[in-house]
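These notes are about the structure you will find just below.
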Amino acid sequence: MADKSAIEWTEATWNPTTGCDRISTGCDNCYAMTLAKRLKAMGSTKYQTDGDSRTSGPGFGVALHPAALDIPRRWREPRTVFVNSMSDLFHARVPLDYVRRVFAVMRETPRHTYQVLTKRAARLAKLAPQLDWPPNVWIGVSVEEAAQCVRIDHLREVPAAVRFISAEPLLGPLAGLDLTGIDWLIAGGESGPGCRPMDPAWVTDLRNQCECAGTAFFFKQWGGRTPKTGGRLLDGRTWDEMPVPRGLVAAV
Numbered sequence: 001m002a003d004k005s006a007i008e009w010t011e012a013t014w015n016p017t018t019g020c021d022r023i024s025t026g027c028d029n030c031y032a033m034t035l036a037k038r039l040k041a042m043g044s045t046k047y048q049t050d051g052d053s054r055t056s057g058p059g060f061g062v063a064l065h066p067a068a069l070d071i072p073r074r075w076r077e078p079r080t081v082f083v084n085s086m087s088d089l090f091h092a093r094v095p096l097d098y099v100r101r102v103f104a105v106m107r108e109t110p111r112h113t114y115q116v117l118t119k120r121a122a123r124l125a126k127l128a129p130q131l132d133w134p135p136n137v138w139i140g141v142s143v144e145e146a147a148q149c150v151r152i153d154h155l156r157e158v159p160a161a162v163r164f165i166s167a168e169p170l171l172g173p174l175a176g177l178d179l180t181g182i183d184w185l186i187a188g189g190e191s192g193p194g195c196r197p198m199d200p201a202w203v204t205d206l207r208n209q210c211e212c213a214g215t216a217f218f219f220k221q222w223g224g225r226t227p228k229t230g231g232r233l234l235d236g237r238t239w240d241e242m243p244v245p246r247g248l249v250a251a252v
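Quick look at the structure:
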């Protein structure tokens, strides 16, 4: 729910829900779960719901925050907003009616661009026909290794202005991706204690695949003890490509 964000590919974060559960290997060192535990201990009211100890943790149980729905309406200046940096909007415990309320806010604030990222790609595809998709909503799925590539097929079913892949933390090669209908790919290594190493060849291959497919490529970080440890350079330069939303291509 921050007015500013240190995440390189966005400007602000907005959390109308908090909490989540691990569902794949990319969740093993979840920064949000660690942060939620700390926020609970500090007494933050949004992080007092505990999750299942097998898949979640203290302060990280899924919770809805209707009072947070008005926050983007109060931001007068346009900004790019990462939705639910501390949760997953398409988690099974977020009711369809509440997802619709979040989408209504996004439609009512067309000055902002919203980036929604999920690991629950199957539920995303199931709910997509029941949602009113405004042109300022981008939707992405996390694909940490080859086992999660099926999420991309679900993503292609969604009528978002921009569809994107977050290959972060990148835990293995993603050779031979079908990038049909995918506008943007973000790649990055894991950071923090116990971070798993990322092979530079995996990143270079993704960059090359994006160039061949005409998909915008954004390299976020190499990772390490901190997000900034390894820097962001790939082949001597930064890669900060951004997608062009559908419907705007002809005007560019």
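Read in order, the letters of the sequence shown correspond to residues 1 to 252 in our numbering. Backbone N, C-alpha and C fix where the C-beta goes; we use that ideal spot for every residue, glycine too.
Continuous beta strand (DSSP E) stretch holding residue i: start and end
i	result
R163	162 to 167
L117	113 to 118
Sheet register partners of residue i (DSSP bridge)
i	result
L185	I165, F217
A63	T18
T13	F82
R237	L234
S191	G224
S87	G19
For residue i, three-class secondary structure by DSSP
i	result
R246	coil
M1	Low confidence applies to M1: its pLDDT is 44, below 50, so where it sits in the model is not reliable enough to give any reading.
T80	strand
W138	strand
L69	helix
Q156	The sequence as given places Arg at residue 156; Gln does not occur at that position. Note: R156 maps to coil in three-state DSSP.
V252	Residue placement at V252 is flagged as unreliable, the pLDDT there being 30, under the threshold of 50; the coordinate-derived value follows with that caveat. If DSSP states are grouped into helix, strand and coil, V252 belongs with coil.
P173	coil
S56	coil
G26	helix
D205	helix
I7	coil
C212	helix
V92	The amino acid occupying residue 92 in the given sequence is Ala; Val does not appear at that position. Reduced to three states, the DSSP call for A92 is coil.
Q148	helix
T45	helix
P200	helix
N- and C-terminal bounds of the alpha helix (DSSP H) containing residue i
i	result
E108	96 to 108
L124	121 to 127
K40	31 to 41
Whole-Å CB distance - residue i paired with residue j, under 8 Å assumed
i	j	result
I116	V137	First, the residue type needs correcting, since residue 116 is Val and not Ile in the sequence shown. Sure, about 7 Å apart at Cβ, within 8 Å.
A63	G19	5 Å
A121	L155	6 Å
R246	A128	R246 to A128, Cβ: 15 Å. No contact.
L124	V158	6 Å
W239	F219	4 Å
M198	G189	4 Å
Q148	S24	6 Å
L69	R100	About 11 Å separates the two Cβ atoms, so there is no contact after all.
T10	T80	5 Å
Near the ligand NAP: residue i beta-carbon under 7 Å from a heavy atom
i	result
T238	The ligand NAP is absent from the structure shown, which contains no ligand whatsoever.
Discussion item. With a threshold of 8 Å, are at least 3 pairs of Cβ atoms found where one atom belongs to the stretch 161 to 179 and the other to the stretch 132 to 149?
Written reply: yes
Worksheet item: Is the stretch 171 to 191 touching the stretch 207 to 221 in the sense that three or more CB pairs, one from each, lie closer than 8 Å?
Response: yes
Worksheet item: Is the stretch 101 to 119 close to the stretch 38 to 45, with three or more CB pairs under 8 Å?
Response: no
Discussion item. For the pair the stretch 48 to 57 and the stretch 76 to 90, tell me if three or more CB-CB distances fall below 8 Å.
Written reply: no
Fill in: At least 3 beta-carbon pairs within less than 8 Å: the stretch 61 to 78 vs the stretch 13 to 23
yes
Discussion item. Tell me whether the stretch 98 to 110 and the stretch 23 to 42 touch, counting them as touching only if at least three CB pairs, one residue from each stretch, are closer than 8 Å.
Written reply: Contact between the stretch 98 to 110 and the stretch 23 to 42 is not established, with fewer than three Cβ pairs separated by less than 8 Å.
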